[in-house]
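A.B. asks: Okay, handing you the structure first.
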Amino acid sequence: MNYTRFITAVSAARKPSPIRLLTELMQKSPPSLISLAGGAPNPNTFPFKTAKITIDDGTAIEFGEDLMKRALQYSASAGIPELLSWLKKFQNNLHKPLTAEFSPDQGQMEICVTTGSQEGLCKVFEMLINPGDNILLDTPAYPGTLAALRPLGCNIIGLRSDQDGLIPDSLRAALSRWRPEEAQKPNRQTPKFLYTVPNGSNPTGTSLPYERKKEIYEMARKYDFLIIEDDPYYFLQFNKVRYHVCLFYSQNYFWNLDSLFAGKEIEEEIQINTPKPSQKN
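Numbering of the sequence shown is given in the working numbering, commencing with residue -15 and proceeding in unit increments.
Shown next as structure tokens:
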């Protein structure tokens, strides 16, 4: 999948930092290597040697000295490799994304660990939004989302919701001012993305049923816009799971932000995928 038509000129111009590339190279090097290139401190000088965390059921998680050195040392920008590997397996088991088997050129699933949902949102929005871009948002919306969007100068098109979440007819009405083929123009004015919280939406608490997700997905394909799926609350459902988490994600047409570890956003991972458009790009 080619994302160049979505990202801003600033994002397209970004290149990997040489120092960050050196950090990734150091992680693959033998422990005997002493590199003066990346500015990595000597791990023997770290003040914290071990740590022990006790969780609710009394289980103790211990971090030995070697693991603490890894945890406190610089790591690759996307995250510690072992954590990324675990998260990819978790996503494959939970979402079964089509893009997991893609090649990098096809838009293979990738994960980036951030310090929380707000950082993830800011990174995604700044990557995609130029001043004057039209974006879609189900309302009422999470205040943190609005705080991240408004300084970027985009036109926010609010969509109506009811007890089952975003109303597809409201999305259809908002899109009716454009023709689908306009989405293929270089200076497109059609919406660039839809931001939604499909499970336990904040602040309404609604969850999108399967049929609505299908409708929304088909409109994303027709008008060639991204779906940014912010999904921090799936594991906080009190009753038996009613809506399977993968329904947007398994379709291969969105960017997904997941917070793991219920009750506390310990990490945030951004999955990058988009729907295959109805017309060839």
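Where a beta carbon is used, it is the ideal one built from N, C-alpha and C, also for glycine.
(1) Out of curiosity, what's the CA-to-CA distance linking Ala(-3) and Phe74?
(2) With a CB to CB cut of under 6 Å and the five nearest residues on each side skipped, what residues in its chain are close to Thr(-8)?
(3) Could you tell me which residues DSSP pairs with Lys36 in its beta bridges?
(4) For Pro175 versus Ile141, is the C-beta spacing smaller than 8 Å?
(5) With a CB to CB cut of under 6 Å and the five nearest residues on each side skipped, what residues in its chain are close to Met111?
(6) For a test of the three-state rule: what should DSSP assign to Phe(-10), helix, strand or coil?
(7) Between the beta-carbon of Arg196 and the beta-carbon of Leu150, is there less than 8 Å?
(8) So, is Ser1 buried or exposed, given that buried needs 16 or more other C-beta atoms within 10 angstroms?
(9) Can you give me the Cβ contacts of Tyr58 inside the same chain, cut-off strictly under 6 Å, excluding the 5 residues immediately before and after it?
(10) Could you check the C-alpha separation between Gly22 and Pro135 for me, to the nearest Å?
(11) Spatial neighbours of Ala84 within its chain, please: C-beta separation below 8 Å, excluding the five flanking residues on both sides.
(12) In its own chain, which residues sit with a C-beta less than 7 Å from the C-beta of Ser154, not counting the 5 before and 5 after it?
(13) Compare the beta carbon distance of Leu120 and Leu178 with 8 Å and say whether it is the shorter of the two.
(14) I'd like to check one pair, Gln11 with Pro88: are the Cβ atoms closer than 8 Å?
(15) Since Leu105 and Ala132 should fall inside the 8 Å C-beta cutoff, what is the C-beta to C-beta distance between them, to a whole number of angstroms?
(16) Going by the beta-carbon positions, is the gap between Glu46 and Lys36 smaller than 8 Å?
(17) So, with DSSP's three-state summary, where would you put Asp146?
(18) Does the beta-carbon of Ile290 have 16 or more other beta-carbons within 10 angstroms, so that it is buried, or is it exposed?
(19) I'd like the span of the alpha helix (DSSP H) that includes Tyr217, first residue to last.
(20) Work out the CA separation of Thr98 and Ile3 for me, nearest whole Å.
(21) Mind checking whether Gln168 and Asp117 have CB atoms under 8 Å apart?
(22) Could you tell me which of Trp162, Thr34, Gly48 and Asn183 sits nearest to Phe222, measuring between CA atoms?
C.D. replies: If we stick to the structure as given:
(1) Walking along the sequence shown from the start, residue -3 turns up at place 13. Walking along the sequence shown from the start, residue 74 turns up at place 90. Rounded to the nearest angstrom, the two C-alpha atoms are 32 Å apart.
(2) Numbered from 1 along the sequence shown, position 8 holds the residue referred to as residue -8. Excluding residues up to 5 positions away in sequence, Asn114 lie with their Cβ nearer than 6 Å to the Cβ of Thr(-8) in the same chain.
(3) The sequence position of residue 36 within the sequence shown is 52, counting from 1. For Lys36, DSSP records a beta bridge to Glu46.
(4) Taking the sequence shown and counting its residues from 1, one reaches residue 175 at position 191. Taking the sequence shown and counting its residues from 1, one reaches residue 141 at position 157. Their beta carbons are under 8 Å apart, which means Pro175 touches Ile141 by this criterion.
(5) Here the question's residue 111 lines up with position 127 in the sequence shown. Answer for Met111: Ile(-9) and Ser(-5), listed in chain order.
(6) Taking the first residue of the sequence shown as position 1, residue -10 is located at position 6. Of the three classes helix, strand and coil, the one that applies to Phe(-10) here is coil, per DSSP.
(7) Position 212 of the sequence shown, counted from the first residue, corresponds to residue 196. Position 166 of the sequence shown, counted from the first residue, corresponds to residue 150. In this structure, Leu150 lies closer than 8 Å to Arg196 by Cβ.
(8) Position 17 of the sequence shown holds residue 1. Label assigned to Ser1: exposed.
(9) Taking the first residue of the sequence shown as 1, we reach residue 58 at position 74. Taken in chain order, the residues that qualify are Thr7 and Ala24.
(10) Residue numbering aside, residue 22 sits at position 38 when the sequence shown is read from its first letter. Residue numbering aside, residue 135 sits at position 151 when the sequence shown is read from its first letter. Their Cα atoms are separated by approximately 34 Å.
(11) By 1-based counting over the sequence shown, the position of residue 84 is 100. If we look at Ala84 and ignore the five residues flanking it on each side, its Cβ neighbours are Lys72, Gln75, Asn76, Gln92 and Met93.
(12) Taking the first residue of the sequence shown as 1, we reach residue 154 at position 170. Contacts found: Leu143 and Arg144.
(13) Stepping through the sequence shown from its first residue, residue 120 is reached at position 136. Stepping through the sequence shown from its first residue, residue 178 is reached at position 194. Taking 8 Å as the Cβ cut-off, Leu120 and Leu178 qualify as a contacting pair.
(14) Here the question's residue 88 lines up with position 104 in the sequence shown. Here the question's residue 11 lines up with position 27 in the sequence shown. Result no, Cβ atoms of Pro88 and Gln11 do not sit closer than 8 Å.
(15) Mapped onto the sequence shown, residue 105 falls at position 121. Mapped onto the sequence shown, residue 132 falls at position 148. Their Cβ separation, rounded to whole angstroms, is 5 Å, which keeps Leu105 and Ala132 in contact under 8 Å.
(16) The residue labelled residue 46 in the question sits at position 62 within the sequence shown. The residue labelled residue 36 in the question sits at position 52 within the sequence shown. In this structure, Glu46 lies near Lys36, with their beta-carbon atoms less than 8 Å apart.
(17) Here the question's residue 146 lines up with position 162 in the sequence shown. It is a strand residue.
(18) No information on residue 290 is available, as it lies outside the stretch -15 to 265 that the chain covers here.
(19) Your numbering for residue 217 matches position 233 in the sequence shown. Counting along the chain, Tyr217 falls outside any alpha helix (DSSP H), and DSSP gives it neither H nor E.
(20) Counting from 1 along the sequence shown, the entry for residue 3 is found at position 19. Counting from 1 along the sequence shown, the entry for residue 98 is found at position 114. Cα to Cα, Ile3 sits roughly 19 Å from Thr98.
(21) Counting from one through the sequence shown, the residue named residue 168 turns up at place 184. Counting from one through the sequence shown, the residue named residue 117 turns up at place 133. Result no, Cβ atoms of Gln168 and Asp117 do not sit closer than 8 Å.
(22) The residue given as residue 222 occupies position 238 in the sequence shown. Nearest option by C-alpha distance: Asn183.
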